[in-house]
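Student: What follows is a single structure, and I will ask about it in a moment.
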Amino acid sequence: MSNLKLLAQSLGLSITTVSRALDGYSDVAPATRERVQAAAQAMNYRPNPAARSLRRRKAEAVAVTLPTEPGRFGPPIFLNMLAACGQRLAEEGLDLMLLPIAGRAGEMDTYRRLLDGRRADAVIVVRTRLEDERVAFLTERGIPFVTHGRTARSEEHAFIDGDGEAGFREAARQLAATGHRRIAHIAAPQDLTFAHLRRRGWLAALEDLGASEPLEYTAQPTEAGGYEAAQWLLQQSDPPTALLCATDSMAIGALSALKERGLAAGRDIAVIGHDNLPSAAFTDPPLSSMEIAAPDVGRQLADMLIARLGGRDARELQTILPVRQVPRSTHGPAD
Numbered sequence: 001m002s003n004l005k006l007l008a009q010s011l012g013l014s015i016t017t018v019s020r021a022l023d024g025y026s027d028v029a030p031a032t033r034e035r036v037q038a039a040a041q042a043m044n045y046r047p048n049p050a051a052r053s054l055r056r057r058k059a060e061a062v063a064v065t066l067p068t069e070p071g072r073f074g075p076p077i078f079l080n081m082l083a084a085c086g087q088r089l090a091e092e093g094l095d096l097m098l099l100p101i102a103g104r105a106g107e108m109d110t111y112r113r114l115l116d117g118r119r120a121d122a123v124i125v126v127r128t129r130l131e132d133e134r135v136a137f138l139t140e141r142g143i144p145f146v147t148h149g150r151t152a153r154s155e156e157h158a159f160i161d162g163d164g165e166a167g168f169r170e171a172a173r174q175l176a177a178t179g180h181r182r183i184a185h186i187a188a189p190q191d192l193t194f195a196h197l198r199r200r201g202w203l204a205a206l207e208d209l210g211a212s213e214p215l216e217y218t219a220q221p222t223e224a225g226g227y228e229a230a231q232w233l234l235q236q237s238d239p240p241t242a243l244l245c246a247t248d249s250m251a252i253g254a255l256s257a258l259k260e261r262g263l264a265a266g267r268d269i270a271v272i273g274h275d276n277l278p279s280a281a282f283t284d285p286p287l288s289s290m291e292i293a294a295p296d297v298g299r300q301l302a303d304m305l306i307a308r309l310g311g312r313d314a315r316e317l318q319t320i321l322p323v324r325q326v327p328r329s330t331h332g333p334a335d
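Per the UniProt record's numbering, the very first residue in the sequence shown carries number 1; after that it's consecutive.
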């Protein structure tokens with residue numbers, strides 16, 4: 001075992017954080033830098049000059065895995081966010097490495113290859129799950145990481161997230177205020193944290209309104225999933241007057257199902273999504289949506305990871321951002 005690794009283990013820090021502290025990087029918290037230097041002196045640690053020179057020239061890598069479908073690279077909501085994140089990381093000499101993952105089966109193998117092969121020094125986790133094996137693995141390995149989204153144990157790690165629960169509760173209340181009483185939910189799989197929280201907000205609004213038995217359908221968070229869900233919901237004996245969709249992609253699929261049945265979104269049935277994708281403004285009719293009310297989520301995520309690399313406590317890096325409604329033409333009142 002290398003002396004650097006022993007030093008890192010004795011401090012309970014990652015090797016990356018210790019090496020950056022010893023190399024004088026400005027992103028390392030002063031208290032952490034002092035603690036590392038004191039421990040190094042106590043251990044009589046002397047860095048290898050050649051290795052240190054190589055480390056200073058090496059661009060460190062931050063990895064993020066993105067769920068993909070055949071012929072598509074990642075959910076659209078993440079691409080602009082990660083572009084801004086990558087720009088901010090580059091300012092600190094860090095490279096953002098995007099890795100497409102076709103399914104959960106091989107995802108943990110990818111994580112092990114990345115870290116065992118020292119191909120990544122830090123990780124950004126997106127589309128979190130309530131019980132997320134990636135978060136548990138990174139925590140056990142002591143790898144600096146942040147998540148876009150929460151988990152069942154969010155108090156233990158750094159994260160940034162939107163308040164989807166409050167957003168969906170507010171959207172359902174707005175629909176009810178315009179006369180809707182049969183507000184159905186097109187849900188994403190409930191192991192995904194965002195899907196769980198958005199459904200919880202919808203259910204809370206129904207409870208507030210004293211609504212009858214909830215009407216919902218769970219599908220994959222894609223256009224095809226939204227189309228499938230809307231087809232099923234519209235076939236019910238008492239179909240909904242409004243569809244509250246877990247994502248814009250699902251809502252776009254639902255619009256297609258409505259059109260096939262000769263129904264006009266916003267006139268015959270209201271449809272609302274989440275994410276405010278650029279394409280949402282150009283659907284026919286333009287899709288009502290909601291989004292995190294912050295223009296710089298990608299940079300905030302990068303700043304959070306830089307702070308973690310600098311030794312900042314994860315419990316000090318936890319942000320829930322408000323969600324704002326983006327009403328467009330599909331936000332219509334009940335007949």
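Glycine is no exception: its CB is placed at the ideal position from the N, C-alpha and C atoms. None of the values given here were measured: they were computed from a predicted structure.
1. Run through the DSSP bridge pairs and tell me what Ile269 is partnered with.
2. Is it the case that the segment 176 to 189 contacts the segment 152 to 162, given that we only count it when at least three CB pairs across the two stretches are under 8 Å?
3. Verify whether the separation of the beta carbon atoms of residue 339 and Pro144 is less than 8 Å.
4. Apply the 10 Å Cβ neighbour rule to Asn44 and answer buried if 16 or more other Cβ atoms are within range, or exposed otherwise.
5. By Cβ distance, which residues of its chain are closer than 7 Å to His180, with the 5 residues on each side in sequence left out?
6. Enumerate, from N- to C-terminal direction, the unbroken beta strand (DSSP E) stretches of 3 or more residues contained entirely within the segment 238 to 318.
7. Beta-carbon separation of Leu114 and Ala120 under 8 Å?
8. Using 8 Å for Cβ pairs, my map puts Met258 next to Gln236. What's the rounded Cβ distance?
9. Output yes or no for whether 8 Å exceeds the beta carbon distance between Leu287 and Arg315.
10. Within the chosen definition, does the segment 287 to 302 reach the segment 85 to 98 through at least 3 CB pairs nearer than 8 Å?
11. Given Arg182, which residues of its chain have a CB within under 6 Å of its CB, disregarding the five upstream and five downstream residues?
12. Hey, how far is the Cα of Lys5 from the Cα of Arg141?
13. State the DSSP-derived secondary structure class of His180, mapped to helix, strand or coil.
14. If I'm right that Arg169 touches Gly201 with Cβ under 8 Å, what's the distance once you round it to whole angstroms?
15. Can you tell me the Cα-Cα spacing of Asp208 and Arg198, whole angstroms?
16. My output table needs one value for Ile320: the three-state DSSP class, helix, strand or coil.
17. Does DSSP put Arg129 in a helix, a strand or coil?
18. Using the Cβ count rule (16 or more neighbours within 10 Å means buried), how would you classify Ala38?
19. Would Ser212 be called buried (16 or more neighbouring beta carbons within 10 Å of its own) or exposed?
20. Is it buried or exposed, Arg112, if we count other Cβ atoms within 10 angstroms and call 16 or more buried?
21. When you compare only the Cα positions, how much space is there between Thr330 and Val36?
22. Give the list of continuous beta strand (DSSP E) stretches no shorter than 3 residues that lie fully inside the segment 71 to 153.
23. Can you tell me where the alpha helix (DSSP H) holding Glu228 begins and where it ends?
24. Please report the straight-line C-alpha distance between Gly117 and Asp109, rounded to a whole angstrom.
25. Is DSSP giving Pro214 helix, strand or coil here?
26. Apply the 10 Å Cβ neighbour rule to Ala177 and answer buried if 16 or more other Cβ atoms are within range, or exposed otherwise.
27. Decide if the segment 278 to 296 is in contact with the segment 318 to 327; the criterion is three or more beta carbon pairs, one per stretch, under 8 Å apart.
28. Classify His196 as helix, strand or coil using the three-state DSSP reduction.
29. Would you identify the three-state DSSP class for Asp208, choosing helix, strand or coil?
30. In this structure, how does DSSP classify Ala61 when only helix, strand and coil are distinguished?
31. Just tell me which of Asn3, Ile306, Ala294 has its CA closest to the CA of Gln41.
32. So is Glu34 buried or exposed if we call it buried at 16+ other beta carbons inside 10 Å?
33. To which residues of the same chain is Leu138 closer than 7 Å at the C-beta, ignoring the five residues directly before and after it?
34. What is the rounded straight-line gap between the Cα of Ala136 and the Cα of Ala264?
35. Can you give me the C-alpha to C-alpha distance between Gln220 and Asp313, rounded to a whole angstrom?
36. Between Gly298 and Met81, which are expected to be in contact by the criterion C-beta below 8 Å, what is the C-beta distance as a whole number of angstroms?
Tutor: On the basis of the data shown:
1. For the purposes of this step, residue 269 is identified with residue 269 of the sequence shown, where counting begins at 1. Paired residue(s): Ala265.
2. no
3. What the structure shows of the chain is the stretch from 1 to 335, and residue 339 is not part of that stretch, so it cannot be assessed.
4. Walking along the sequence shown from the start, residue 44 turns up at place 44. Exposed, since its Cβ has fewer than 16 Cβ neighbours within 10 Å.
5. To locate residue 180, count along the sequence shown from 1; it is residue 180. Correct list, in chain order: Thr241, Ala242, Ala270, Ala334.
6. 242 to 245, 270 to 272, 289 to 292
7. Position 114 of the sequence shown holds residue 114. Position 120 of the sequence shown holds residue 120. Yes. Within cutoff.
8. Numbered from 1 along the sequence shown, position 258 holds the residue referred to as residue 258. Numbered from 1 along the sequence shown, position 236 holds the residue referred to as residue 236. Position check: residue 258 holds Leu in this sequence, whereas Met was assumed. Contact flag wrong, Cβ pair sits at about 14 Å.
9. Position 287 of the sequence shown, counting from 1, holds the residue named residue 287. Position 315 of the sequence shown, counting from 1, holds the residue named residue 315. Contact flag unset, no.
10. yes
11. Counting from 1 along the sequence shown, the entry for residue 182 is found at position 182. So the list reads Pro240, Thr241, once near-sequence residues are dropped.
12. In the sequence shown, residue 5 corresponds to position 5, counting from 1. In the sequence shown, residue 141 corresponds to position 141, counting from 1. Between Lys5 and Arg141, the C-alpha separation is close to 12 Å.
13. On the sequence shown, position 180 is the one that residue 180 refers to. Note: His180 maps to coil in three-state DSSP.
14. What you label residue 169 is simply residue 169 of the sequence shown in a count that begins at 1. What you label residue 201 is simply residue 201 of the sequence shown in a count that begins at 1. Right, the Cβ-Cβ distance comes to about 4 Å (below 8 Å), so this counts as a contact.
15. For the purposes of this step, residue 208 is taken as the residue at position 208 of the sequence shown. For the purposes of this step, residue 198 is taken as the residue at position 198 of the sequence shown. Taking the straight line joining both Cα atoms gives about 16 Å.
16. As a first step, residue 320 is located in the sequence shown; it is residue number 320 there, counting from the start. It is a strand residue.
17. The residue labelled residue 129 in the question sits at position 129 within the sequence shown. The answer is strand: DSSP assigns Arg129 an E or B state.
18. Taking the first residue of the sequence shown as position 1, residue 38 is located at position 38. It is exposed - the Cβ of Ala38 has fewer than 16 other Cβ atoms within 10 Å.
19. By 1-based counting over the sequence shown, the position of residue 212 is 212. Exposed, because fewer than 16 other Cβ atoms sit within 10 Å of the Cβ of Ser212.
20. Position 112 of the sequence shown, counted from the start, is the residue given in the question as residue 112. That one is exposed.
21. What you label residue 330 is simply residue 330 of the sequence shown in a count that begins at 1. What you label residue 36 is simply residue 36 of the sequence shown in a count that begins at 1. About 57 Å.
22. 94 to 101, 122 to 126, 145 to 148
23. The residue you call residue 228 lines up with position 228 of the sequence shown. Glu228 -> alpha helix (DSSP H) spans 223 to 234.
24. Residue 117 sits at position 117 when you count from the first residue of the sequence shown. Residue 109 sits at position 109 when you count from the first residue of the sequence shown. Their Cα atoms are separated by approximately 12 Å.
25. On the sequence shown, position 214 is the one that residue 214 refers to. Coil.
26. Your numbering for residue 177 matches position 177 in the sequence shown. Exposed is the call here.
27. yes
28. Position 196 of the sequence shown, counted from the first residue, corresponds to residue 196. Helix at His196.
29. The sequence position of residue 208 within the sequence shown is 208, counting from 1. Three-state result, Asp208: helix.
30. Here residue 61 refers to the residue found at position 61 of the sequence shown. Here Ala61 sits in strand by DSSP.
31. Position 41 of the sequence shown, counted from the first residue, corresponds to residue 41. The residue with the shortest Cα to Cα distance from Gln41 is Asn3.
32. Locating residue 34 in the sequence shown gives position 34, counting from the first residue. Label assigned to Glu34: exposed.
33. As a position in the sequence shown, residue 138 is number 138, starting the count at 1. Hits under 7 Å: Val123, Phe145.
34. For the purposes of this step, residue 136 is identified with residue 136 of the sequence shown, where counting begins at 1. For the purposes of this step, residue 264 is identified with residue 264 of the sequence shown, where counting begins at 1. Answer to the nearest angstrom: the Cα atoms are 46 Å apart.
35. Position 220 of the sequence shown holds residue 220. Position 313 of the sequence shown holds residue 313. Their Cα atoms are separated by approximately 35 Å.
36. Start at 1 with the first residue of the sequence shown, and residue 298 comes out as number 298. Start at 1 with the first residue of the sequence shown, and residue 81 comes out as number 81. Indeed, because the Cβ distance is near 4 Å, the residues count as touching under 8 Å.
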